[in-house]
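Working notes, structure below.
Number of protein chains: 4
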Amino acid sequence: MKIAFIGLGNMGAPMARNLLKNGHTLNVFDLSRDAVQSLVDAGATASASPKAAATGVELVITMLPAAAHVKSVLTADDGVLAGIARGVTIVDSSTIDPASAQGFAKLAAEHGNPFVDAPVSGGTGGAAAGTLTFMVGANATAYEQVNPVLAVMGKNIVHCGDTGMGQVAKICNNLLLGITMAGVAEAMSLGAALGIDPKVLAGIVNTSTGRCWSSDTYNPFPGIIETAPSSRGYTGGFGTDLMLKDLGLAADAAKSAKQPIYLGALAQQLYQTMSQHGDGGLDFSAVIKLYRDVGAKR
Amino acid sequence: MKIAFIGLGNMGAPMARNLLKNGHTLNVFDLSRDAVQSLVDAGATASASPKAAATGVELVITMLPAAAHVKSVLTADDGVLAGIARGVTIVDSSTIDPASAQGFAKLAAEHGNPFVDAPVSGGTGGAAAGTLTFMVGANATAYEQVNPVLAVMGKNIVHCGDTGMGQVAKICNNLLLGITMAGVAEAMSLGAALGIDPKVLAGIVNTSTGRCWSSDTYNPFPGIIETAPSSRGYTGGFGTDLMLKDLGLAADAAKSAKQPIYLGALAQQLYQTMSQHGDGGLDFSAVIKLYRDVGAKR
Amino acid sequence: MKIAFIGLGNMGAPMARNLLKNGHTLNVFDLSRDAVQSLVDAGATASASPKAAATGVELVITMLPAAAHVKSVLTADDGVLAGIARGVTIVDSSTIDPASAQGFAKLAAEHGNPFVDAPVSGGTGGAAAGTLTFMVGANATAYEQVNPVLAVMGKNIVHCGDTGMGQVAKICNNLLLGITMAGVAEAMSLGAALGIDPKVLAGIVNTSTGRCWSSDTYNPFPGIIETAPSSRGYTGGFGTDLMLKDLGLAADAAKSAKQPIYLGALAQQLYQTMSQHGDGGLDFSAVIKLYRDVGAKR
Amino acid sequence: MKIAFIGLGNMGAPMARNLLKNGHTLNVFDLSRDAVQSLVDAGATASASPKAAATGVELVITMLPAAAHVKSVLTADDGVLAGIARGVTIVDSSTIDPASAQGFAKLAAEHGNPFVDAPVSGGTGGAAAGTLTFMVGANATAYEQVNPVLAVMGKNIVHCGDTGMGQVAKICNNLLLGITMAGVAEAMSLGAALGIDPKVLAGIVNTSTGRCWSSDTYNPFPGIIETAPSSRGYTGGFGTDLMLKDLGLAADAAKSAKQPIYLGALAQQLYQTMSQHGDGGLDFSAVIKLYRDVGAKR
Chain A
306 MKIAFIGLGN MGAPMARNLL KNGHTLNVFD LSRDAVQSLV DAGATASASP KAAATGVELV
366 ITMLPAAAHV KSVLTADDGV LAGIARGVTI VDSSTIDPAS AQGFAKLAAE HGNPFVDAPV
426 SGGTGGAAAG TLTFMVGANA TAYEQVNPVL AVMGKNIVHC GDTGMGQVAK ICNNLLLGIT
486 MAGVAEAMSL GAALGIDPKV LAGIVNTSTG RCWSSDTYNP FPGIIETAPS SRGYTGGFGT
546 DLMLKDLGLA ADAAKSAKQP IYLGALAQQL YQTMSQHGDG GLDFSAVIKL YRDVGAKR
Chain B
306 MKIAFIGLGN MGAPMARNLL KNGHTLNVFD LSRDAVQSLV DAGATASASP KAAATGVELV
366 ITMLPAAAHV KSVLTADDGV LAGIARGVTI VDSSTIDPAS AQGFAKLAAE HGNPFVDAPV
426 SGGTGGAAAG TLTFMVGANA TAYEQVNPVL AVMGKNIVHC GDTGMGQVAK ICNNLLLGIT
486 MAGVAEAMSL GAALGIDPKV LAGIVNTSTG RCWSSDTYNP FPGIIETAPS SRGYTGGFGT
546 DLMLKDLGLA ADAAKSAKQP IYLGALAQQL YQTMSQHGDG GLDFSAVIKL YRDVGAKR
Chain C
306 MKIAFIGLGN MGAPMARNLL KNGHTLNVFD LSRDAVQSLV DAGATASASP KAAATGVELV
366 ITMLPAAAHV KSVLTADDGV LAGIARGVTI VDSSTIDPAS AQGFAKLAAE HGNPFVDAPV
426 SGGTGGAAAG TLTFMVGANA TAYEQVNPVL AVMGKNIVHC GDTGMGQVAK ICNNLLLGIT
486 MAGVAEAMSL GAALGIDPKV LAGIVNTSTG RCWSSDTYNP FPGIIETAPS SRGYTGGFGT
546 DLMLKDLGLA ADAAKSAKQP IYLGALAQQL YQTMSQHGDG GLDFSAVIKL YRDVGAKR
Chain D
306 MKIAFIGLGN MGAPMARNLL KNGHTLNVFD LSRDAVQSLV DAGATASASP KAAATGVELV
366 ITMLPAAAHV KSVLTADDGV LAGIARGVTI VDSSTIDPAS AQGFAKLAAE HGNPFVDAPV
426 SGGTGGAAAG TLTFMVGANA TAYEQVNPVL AVMGKNIVHC GDTGMGQVAK ICNNLLLGIT
486 MAGVAEAMSL GAALGIDPKV LAGIVNTSTG RCWSSDTYNP FPGIIETAPS SRGYTGGFGT
546 DLMLKDLGLA ADAAKSAKQP IYLGALAQQL YQTMSQHGDG GLDFSAVIKL YRDVGAKR
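From first to last, the protein sequence lines are chains A, B, C and D.
So the first sequence is numbered by this note's numbering: it starts at 306 and just counts up by one.
So the second sequence is numbered by this note's numbering: it starts at 306 and just counts up by one.
So the third sequence is numbered by this note's numbering: it starts at 306 and just counts up by one.
So the fourth sequence is numbered by this note's numbering: it starts at 306 and just counts up by one.
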């Protein structure tokens, strides 16, 4: 299949690479020459603009930092919509707010192009290994069409509903993740301060009603889970500033829906404090430092 | 084994019954005559006071509403310590603050009696079925001694550390539970307001990083999990006022340890609001009504 | 002075009217024909576009709902910057985020036009009476120039610093206002529930360390202050949805500055809940209903 | 008048001293010999117990750290109630929860003694200068009786209602104070981070709707108000751990009244964090360090 891939950052580059490996033909575009060259070396064709990349392809995939970039890539004079053929589907794997995704879908529909939102989880590791989860917002026809291509880059392709619902699924999951992680940090720190062995406490929680992914797979307390970022100085993993971005999207979506998010808004302030402390680059489980890193404070 | 069982409420009565069924001999005491009579009918011997119940037994078990009751039952003129023989172990299965448990242990030690804190989870259903989880704070010797007796009333007997650590484990787990439940309520309500099918959202969360017991086993959104209280009008289950009690114990313990519990304190206010609204008797997953029950408000 | 006035809503219209009354000549523009006609009847000249309005004037004043409108009014093909003469100052009295204000100032400077941010407080009453407070962000020269014109529409003209600082002053004040009001609601409700006469409590607070404008001038408890919205069913005053808008601006600014706003974020959720309940049009002091309006909930 | 004064700490000692200076005769009791000796040197008579102190006096005043101490001082075998004559009034100036105060009043009534709760504000400075504020819970008769004595130690004697209402007034005021101070810290820190001159911001807030005692009299930002603790390294003033104590009382009272205190509970966690950081002895306005003291954290 001939595909345009736009956005070759930490996530986009390995995703594009997996498409190439599986025999797809790629036009690629990115503002970074190095990023483009690296994909060209792997067999892709460099395009001078999103418009050029989208010209003559059967599918367009975008993977960009925020809604403003998607808008520009789609609607600029040299953007995707200026080059794409009628009927060709656009898949946006960026994490953006649902309302923007729905707006882009409307815009694309006016040009005769189906638009699919397909944000991912699984991080750079999953992108490289081709084991990402794709949360897909699309009508049934578009979903059937893009599924085989996404399956080359990920192992779980979940149909979440119509356009925008992929983004809704992602931000709701990550809202909950941001809360449970801070909650585990709080409970583990309290337990440790009260004298219980943190490993024993984690063991109990993990077989009881407090059980959650943040506790049984990614426990923020150092030394509980060897493979978790907490056991390697909170390096790697899912960066605090990325969690902040997703909580910001959740807050914006909540505002638009007039929904309160009491715990989410408070968790956001905790991650915000980490970012203020210069810890925005650490894995988000480092939020436990706010509850424990007392020595460093004095 | 000859055992004194003091406190025959919704939890204590079925626990005592299971001891009788397994061949133990019981002296029982409770302020409610009906509660006592019911156990006598099942084969227990009624005692006139905690002191009388504790006289001549090999083990004392207490199951009471709060630390004040435990204190009174132990230290009153006609209390347990006035009747118990030196060396006999006292097991307190009440949920109370760790500091009180440790204080009672010290007091008991002065009388030559080991003291074990062994709060439970599993509710009245688990108490009746003998499938409770016991979180046990005790030294190794006392733990070995009480384990076989507890195993008659529960299926998971977890050694959490020295005296008080059973209580620590329970309040830390329930602190986290109170947070994750409100977090799931928040995320599910937001998703529904944004238009995603709640069942689809739950399915995604439950196979992703937001996964937790409050989502995959006890989801507060009606209709997701048939066996959960949310699918039967929030009746039965774990009452909001009981969750409030446990969050209060966590708050007290946090204060004594100078630990902040940001999310826990906020979750406590949410359950407090439910209680103010007259919903303290509903299952605690009804907290989702604060996020959704808009119609009823107008 | 010949002035262009763009944005004739609930605030803009009476402000423009005061300029006319004081002998200024006005070009006016608004998307609402009725709003324009009303000002024309008072002596203003209708303009076909912001560009037309700005052509040939000595000062441009804008009063618009949000930054997106300001951007459009300034930069559209028929916008202010297309018509304004070099050197003419633009005063924006809209409440927007400081970063946008600073961006507009940069844009205006490139066209040779000073830009002043001058958001107001005082509401529609103050706008009509000419008693608004203007919080002005401008260099000294621009401040001196616009001061006499603003003095026609307000009675307190406060120089807050360079461009953007008018907006900073407003959102920081309103952030604090949103917090103190919810705080007073919380303290008054608690006191009333504990049995103290609310008037007595207010009297004590107002002469003590809890004293604040939300308590001594605008107390949310009904019947304490006759002139406050709380004594007339929370009608009039400063609408909840406007408070939500300002807290949203504070949250955005805090995010950009990597500052946590713990209490502000929580207060935002409380006002959000009011808005969800359909109370977004009530005065923001109606937040006390979340603490007291129990009867209505059942 | 012959008075028993029990509790000669940082507050009690100067209060007792003012009574002596104004010609009253005092029996004093405290566990600290030094504290007693110092008052004896000033003309008081040392008593061997609360009972001894209360014997033969016309009024008993207690000033103690917590409800547990008041209970013990009143009800111990050698306590006040064992020595006091029928009809003699007991004034408790300790800050305790309203329910305890009401419980003591009931107990005292059974012995034929009126009980008045009269917590104070004004700190050690006010105690020494005789300028305290007394918040008095008492029936009209008792209030009339104690007023002249309290007026020797304070300058504002406020009748808050029946027994317990003095405590209610104090905890509600201090709940609000704890919230407004953290709110001012939040708003001032945000403003400073966004570039406004903190003095200018404080000036605006103090003449606007954000105005409060925490801003115009006790601003936590250093250098705004010369006489505030913030301008002397947060020494002196009202200690963080005392604020924590009062917020704890408010939380307990809220729990008993089934009232949520959203902002108060969150503010409590902020002060709790300060205490965890070893700053419990600093003035409570040092809460601003949580928003600004970033350098020290790294």
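Each residue gets a CB set at the ideal place from its N, CA and C atoms; glycine is no exception.
For C465 of chain D, no pairing in a beta bridge is given by DSSP. Every beta strand (DSSP E) stretch that sits fully inside the stretch 329 to 362 of chain C and reaches 3 residues is listed by chain position as 330 to 334. Sequence-distant Cβ neighbours of F334 of chain D in its own chain, meaning closer than 6 Å and more than five residues away, are I311, S352, P355 and A358. Within chain D, K563 have C-beta atoms less than 8 Å from the C-beta of S580 of chain B, given in sequence order.
Closest option to S337 of chain D, judged by alpha-carbon separation, among D:N327, D:G317 and D:V473: D:G317. Residue A:R322 holds the alpha-carbon nearest to the alpha-carbon of Q342 of chain A among A:N327, A:R322, A:T514 and A:V473. When rounded, the separation of the alpha-carbon atoms in V457 of chain C and D584 of chain C is 34 Å. DSSP lists no beta-bridge partner residue for A445 of chain A. For the 8 Å CB-CB criterion, S399 of chain B and L379 of chain B do not form a contact. Here DSSP, grouped into helix, strand and coil, assigns K307 of chain B to strand. Contact fails between the stretch 533 to 546 of chain A and the stretch 506 to 517 of chain A, because fewer than three Cβ pairs, one in each stretch, are under 8 Å apart. When only Cα atoms are considered, P319 of chain D and D397 of chain D end up about 16 Å apart. Taking I462 of chain B as the centre and dropping the five residues before and after it, the same chain places the C-beta of F439, V441, N452, L455 and A456 closer than 7 Å to its C-beta, in chain order. CA-CA distance, H464 of chain A to G428 of chain A, rounds to 20 Å. With the criterion set as a beta carbon lying under 8 Å from some beta carbon of chain B, the members of the stretch 390 to 412 of chain A are P403, in sequence order. Measuring C-alpha to C-alpha distances from A413 of chain C to each of C:P424, C:A423, C:A434 and C:R391 identifies C:R391 as the nearest. The Cβ neighbour count for S561 of chain D, taken over all protein chains shown within 10 Å, is under 16; the residue is labelled exposed. In this structure, DSSP gives T545 of chain C a helical state, which the three-state scheme calls helix. Counting along the chain, V396 of chain C sits inside the beta strand (DSSP E) bounded by residues T394 to D397. Here L313 of chain A carries a coil assignment [DSSP, helix/strand/coil]. Per DSSP, the beta-bridge partners of T367 of chain A are A:I311 and A:D397.
With respect to chain A, the C-beta atom of N444 of chain B has no partner C-beta closer than 8 Å. Residue contact with chain A for L480 of chain C: absent (no Cβ-Cβ distance below 8 Å to any residue of chain A). Under the three-state reduction of DSSP, K563 of chain A is assigned to coil, being neither helix nor strand. The three-state secondary structure of D422 of chain C, taken from DSSP, is strand. The stretch 541 to 554 of chain B and the stretch 471 to 484 of chain A do not touch, with fewer than three beta-carbon pairs separated by less than 8 Å.
Within chain C, no C-beta atom comes nearer than 9 Å to that of S590 of chain D; the closest sits roughly 11 Å away. Around the beta-carbon of S405 of chain A, 16 or more other beta-carbon atoms lie within 10 Å, marking it buried. A distance below 8 Å separates the beta carbons of L325 of chain B and G348 of chain B. Proximity of A570 of chain D to chain B, defined by a Cβ-Cβ separation below 8 Å, is satisfied. Between A558 of chain D and D422 of chain D, the CB-CB gap reaches or exceeds 8 Å.
It is roughly 29 Å from the alpha-carbon of E363 of chain C to the alpha-carbon of I501 of chain D. By the 16-neighbour rule on beta-carbons within 10 angstroms, A556 of chain B is buried. DSSP places R391 of chain A outside any alpha helix (DSSP H), giving it a letter other than H or E. For A381 of chain D, no alpha helix (DSSP H) segment is defined, and its DSSP state is neither H nor E. The beta-carbon distance between E491 of chain A and L568 of chain B, rounded to whole angstroms, is 6 Å. This is short enough to meet the 8 Å contact definition.
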